[in-house]
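Structure, as structure tokens:
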Amino acid sequence: MTTLDRRLASLRCALGALILLWAGVLIGISFLAAPAKFNAPSLSLPVAMDVGRQEFGLLNRVEIGLAIVTLALAAYVRPRRVIWLPLAVAALVVAVQALWLLPLLDARALSIIQGETPQPAPWHMVYIVLEVTKLLALLVAGWLALRTLRPER
3 MTTLDRRLAS
13 LRCALGALIL
23 LWAGVLIGIS
33 FLAAPAKFNA
43 PSLSLPVAMD
53 VGRQEFGLLN
63 RVEIGLAIVT
73 LALAAYVRPR
83 RVIWLPLAVA
93 ALVVAVQALW
103 LLPLLDARAL
113 SIIQGETPQP
123 APWHMVYIVL
133 EVTKLLALLV
143 AGWLALRTLR
153 PER
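Right under this line is the structure:
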């Protein structure tokens, strides 16, 4: 194995680790911290909504960075083609959330913070479905990246 082959193998392993790190960040924020916040009896709904806006805004910016770095690393190390579909799904979900869904949820949260009662809307459920989809895509991509560490022929 040449030095270049060893470096590519190490970078492919790093790709799998980065994908799983991204999944871990997602689990920590979306599936642990956010639900815990709404179960805190001393936290009023407007305060929880304000914290949530900040929390998910920052999470989205971090995920945009993770998506860019992950896709760039994947383009460099050229993993097997099967890894690209779940990576693309995860990146697409991040883009949809950043460009469409989070602005809708922010507007809704702001109205609640201001004491209004907005009409029922499906946006939180859509967000949850997208978070689960993104998590599954990342877990599949990470597993495939670590399972198939040799380049495609």
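Here this note's numbering is used: the first residue of the sequence shown is 3, the next is one more, and so on.
The C-beta atom is built at its ideal place from N, Cα and C for all residues, glycine as well.
As the structure is a prediction and not an experimental result, all values here were calculated from the model.
8 angstroms contact criterion, which residue i and residue j should meet: CB distance rounded
{"i": "residue 91", "j": "residue 150", "result": "That pair is no contact at about 18 angstroms."}
{"i": "residue 72", "j": "residue 24", "result": "7 angstroms"}
{"i": "residue 157", "j": "residue 81", "result": "As displayed, the chain neither begins before 3 nor continues past 155, which places residue 157 out of reach and without an answer."}
{"i": "residue 110", "j": "residue 100", "result": "No, residue 110 and residue 100 are not in contact; Cβ-Cβ is about 16 angstroms, not under 8 angstroms."}
Per-residue DSSP class, three states only, for residue i
{"i": "residue 123", "result": "coil"}
{"i": "residue 20", "result": "helix"}
{"i": "residue 150", "result": "coil"}
{"i": "residue 133", "result": "helix"}
{"i": "residue 62", "result": "helix"}
{"i": "residue 118", "result": "coil"}
{"i": "residue 45", "result": "coil"}
{"i": "residue 51", "result": "helix"}
{"i": "residue 82", "result": "coil"}
{"i": "residue 72", "result": "helix"}
{"i": "residue 5", "result": "helix"}
Outcome for residue i when other beta-carbon atoms lying within 10 angstroms are tallied against a minimum of 16
{"i": "residue 153", "result": "Confidence at residue 153 is low in this model, with a pLDDT of 49, below 50, so the placement of that residue should be treated as unreliable; the coordinate-derived value is given next. Burial call: exposed."}
{"i": "residue 5", "result": "exposed"}
{"i": "residue 95", "result": "buried"}
{"i": "residue 119", "result": "exposed"}
{"i": "residue 37", "result": "exposed"}
{"i": "residue 58", "result": "buried"}
{"i": "residue 131", "result": "exposed"}
{"i": "residue 7", "result": "exposed"}
{"i": "residue 21", "result": "buried"}
{"i": "residue 155", "result": "Because the pLDDT at residue 155 is just 48, under 50, the model does not fix this residue reliably, and the value given afterwards should be weighed accordingly. So residue 155 counts as exposed."}
{"i": "residue 60", "result": "exposed"}
Best match in the options for proximity to residue i [C-alpha to C-alpha]
{"i": "residue 141", "options": "29, 8, 7", "result": "29"}
{"i": "residue 75", "options": "7, 139, 15, 8", "result": "15"}
{"i": "residue 49", "options": "63, 112, 12", "result": "112"}
{"i": "residue 129", "options": "18, 34, 98", "result": "98"}
{"i": "residue 84", "options": "121, 147, 107, 47", "result": "147"}
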